[in-house]
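In this note's numbering, the protein residues as written are 50 to 716.
In this text, a Cβ means the ideal position worked out from N, Cα and C, and glycines have one as well.
These numbers come from a predicted model, not from an experiment.
Working notes, structure below.
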């Protein structure tokens, strides 16, 4: 009897294996991560691109993988203060791909969500191309090289030998997912389809779906296009059909309009999402299927009202975020990002500016679901590098492909409300005419791919002492003016440019300028209190501490953000919560006099970003001394007690900055 059970189990396992093998090719489109079983070496061996190369001595890694974070920091490492004192290097990755189970698939693509940087990609020994920009997603068509009768070899060389390239920690290697996409000859091209909608006065919404279709077969095809729209509740709420005729090798764009009755609208408070399923059928066979995630919402930037979402005013309570995860490096998982975003959401943050490069697709998916408004930024600098010693990144040769990939990849995300094509670009300061020329070019190109969103560039605050243009002559070129650290000028600039909308794209967490005395706590200098009512909002630098841009050895990073790199709160977090969050809150903190003295004596550029010297404990060594208690709350007032004795009842309205303070004896 026991033998019978074992035989039965073996047969069932064999059938299950056969079923998985056979049905793996049954789906019209295969789109899966190929993150396991990569071989890696931090070296630059000759012939590593060759399929026959012996990589048996290389170690196995799983993607995402950041090799830089694994290395030792050293004061002499070339990345320096900008990159957190991490080393440079060249590394190779190799992986075998078995495509034998995809016998019915005709087209194969490899999608790389992010490789830092100068990535040379080889497939079965053939060089597919080089991707210089380390943050932009890109893909290669490997259809003509793919083999189903033997293993395929993918080899990637990453070159980070010249550092620093960026002004922050970049990471290095294949630090995001790699995906294999397999389709029929008749298919939807990658990033070729998108949806946009408008809300009508009747209470309905018009949903436009624009798709690209490709026929790479050798004969003419009559293609049935089938749509179904899935509402937030999981039910089909609209369906549609079209017919398209494509000649061999032809690409065609088609549009379909749907009327959505009583639409559920996407907003930060209610991020309702629709799924648009698109199918291609030829000769009664489904040749391809894609899903588009869509949020029905109206976004209007108005010079008088600021930001209007679905007809109501919304203030962008934002932070700027770099891409690293602290000790996790650049290879932070989606789960790690979700935890970080949940913490920011609890503080009342509703807007993210991803600085200063494309984020991972998974992070934008999270923003769609969680209801964040995203300023999606492509570049830090353009043709002119931030540092004379920085390596040339060939901006003029690569911008059109990279920016095009960026816009096409992200234009379906409802969380993305604004494109940003640069940050404090050098041209603005040293060659304004060149800056205006580039800005016009990038705006026009972006709008050609997505006419539904505005385009901006975060402008440098300028230097009065160096004769910089203030305001910049680049400012009039866009409807949305994003300016870093110049919130106090917005009211006057609005008078000169009444048709413009001004956003505080970077602000300091405590005060606009360095306090004269850190012992004295005052938030009156915070840009939040200078923000005009008609401004859409502000973005605090930075939402989370990050590696790089350090104050100098042995510091490895910037530590003046709202959260620590591990997502833990700081005392300054509660000030942000008191101005950003509507739910009642209160937090008691105490001025740390020793820390205040250290900040007063600190001679470093970062001191302008320093938070007030506050602690959230009541353990000191100087009994009887007076302590300045600082209380953050969004309530009308608080009752303060010490050792069960009521000391005072204090009200926010008595304090100009709304931050309650009281000197009490330590005991």
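When the Cα atoms are used, what is the spatial distance from residue 416 to residue 92? 37 angstroms
Please work out which residues of its chain come closer than 8 angstroms, Cβ to Cβ, to residue 324, disregarding the five sequence neighbours upstream and downstream, and give them in chain order. Contacts found: 278, 279, 340, 341, 342 and 343.
Out of 516, 515, 496 and 653, which one is the CA nearest neighbour of residue 563? Checking every option, the nearest Cα to that of residue 563 belongs to 653.
Which value, in whole angstroms, describes the spacing of the CA atoms of residue 406 and residue 346? 25 angstroms
Please report the straight-line C-alpha distance between residue 258 and residue 243, rounded to a whole angstrom. 6 angstroms
How long is the line joining the alpha carbons of residue 509 and residue 215, rounded to whole angstroms? Residue 509 and residue 215 have their C-alpha atoms some 17 angstroms from each other.
Leaving out the 5 sequence neighbours to the left and right, which residues in its chain are closer than 8 angstroms to residue 713 when beta-carbon positions are compared? Residues of the same chain with a CB within less than 8 angstroms of the CB of residue 713, apart from the 5 flanking positions on each side, are 675, 676, 678, 689, 691 and 696 in chain order.
Have a look at residue 429 and residue 471 and give me their C-alpha separation to the nearest angstrom. Computed Cα separation, rounded: 5 angstroms.
Classification of residue 665 by the beta-carbon crowding that lies within 10 angstroms, buried from 16 upward: exposed
Does the region 442 to 449 come within contact of the region 372 to 388, defined as at least 3 CB pairs closer than 8 angstroms? no
Range covered by the alpha helix (DSSP H) that runs through residue 624: Residues 620 to 629.
Answer yes if the region 358 to 370 comes into contact with the region 587 to 599, meaning at least three C-beta pairs across the two stretches below 8 angstroms, and no otherwise. yes
Within 10 angstroms of its Cβ, does residue 154 collect 16 or more other Cβ (buried), or is it exposed? It counts as buried.
Jot down the residue ranges of each uninterrupted alpha helix (DSSP H) in the region 173 to 241, minimum 4 residues, whole runs only, in chain order. none
Proximal residues to residue 535 (C-beta, below 6 angstroms), its chain only, five neighbours per side dropped: For residue 535, the CB contacts under 6 angstroms within the same chain, skipping 5 residues up- and downstream, are 510 in chain order.
Return helix, strand or coil for residue 456, following the three-state DSSP convention. helix
Tell me the DSSP secondary structure of residue 404 in three-state form. coil
Starting from residue 697, follow the beta strand (DSSP E) in both directions and report where the run begins and ends. 694 to 700
For residue 637 and residue 680, what's the separation of their Cα atoms in angstroms? In this structure, the CA atom of residue 637 is about 5 angstroms from the CA atom of residue 680.
Check residue 688 in the structure and name its three-state DSSP category. strand
Helix or strand or just coil, what does DSSP make of residue 138? In the structure shown, residue 138 sits in a strand (DSSP, three-state: E or B).
Of the residues 567, 538, 332 and 273, the one placed nearest residue 303, counting alpha carbons only: Between residue 303 and the set 567, 538, 332 and 273, the nearest pair of CA atoms involves 273.
If the criterion is Cβ atoms closer than 9 angstroms, does the pair residue 281 and residue 313 meet it? yes
Would you call the region 192 to 201 in contact with the region 445 to 464, where contact means no fewer than 3 C-beta pairs closer than 8 angstroms? no
Since residue 320 and residue 183 should fall inside the 8 angstroms C-beta cutoff, what is the C-beta to C-beta distance between them, to a whole number of angstroms? Wrong, their Cβ atoms sit about 30 angstroms apart, outside the cutoff.
Is the separation between the beta-carbon of residue 135 and that of residue 212 shorter than 9 angstroms? Residue 135 places its beta carbon less than 9 angstroms from that of residue 212.
Continuous alpha helix (DSSP H) stretch holding residue 418: start and end: 410 to 419
Determine, using beta-carbon pairs with one atom in the region 605 to 622 and one in the region 392 to 401, whether at least three such pairs fall under 8 angstroms. They touch, by the three-pair rule.
From the DSSP output, in three-state form, read off residue 710 for me. strand
Below 7 angstroms CB to CB, which residues in the same chain sit around residue 255 once its five sequence neighbours on both sides are set aside? Exclusion of the five residues before and after residue 255 leaves 246, 247, 249, 306 and 308 as the residues of its chain whose Cβ lies within less than 7 angstroms of its Cβ.
Proximity below 9 angstroms, CB of residue 568 to CB of residue 642: yes
Does residue 539 come out as helix, strand or coil in the three-state DSSP assignment? helix
For residue 475, the first and last residue of its enclosing alpha helix (DSSP H): Where residue 475 is concerned, the enclosing alpha helix (DSSP H) stretches over 475 to 479.
Would you report the Cα separation of residue 630 and residue 363, rounded to the nearest angstrom? Taking the straight line from one Cα to the other gives about 13 angstroms.
Which residue wins for smallest C-alpha separation from residue 574, given the options 537, 608 and 588? In this structure, 537 is the residue among 537, 608 and 588 with its C-alpha nearest to the C-alpha of residue 574.
Roughly how many whole angstroms lie between the Cα atoms of residue 707 and residue 701? 5 angstroms
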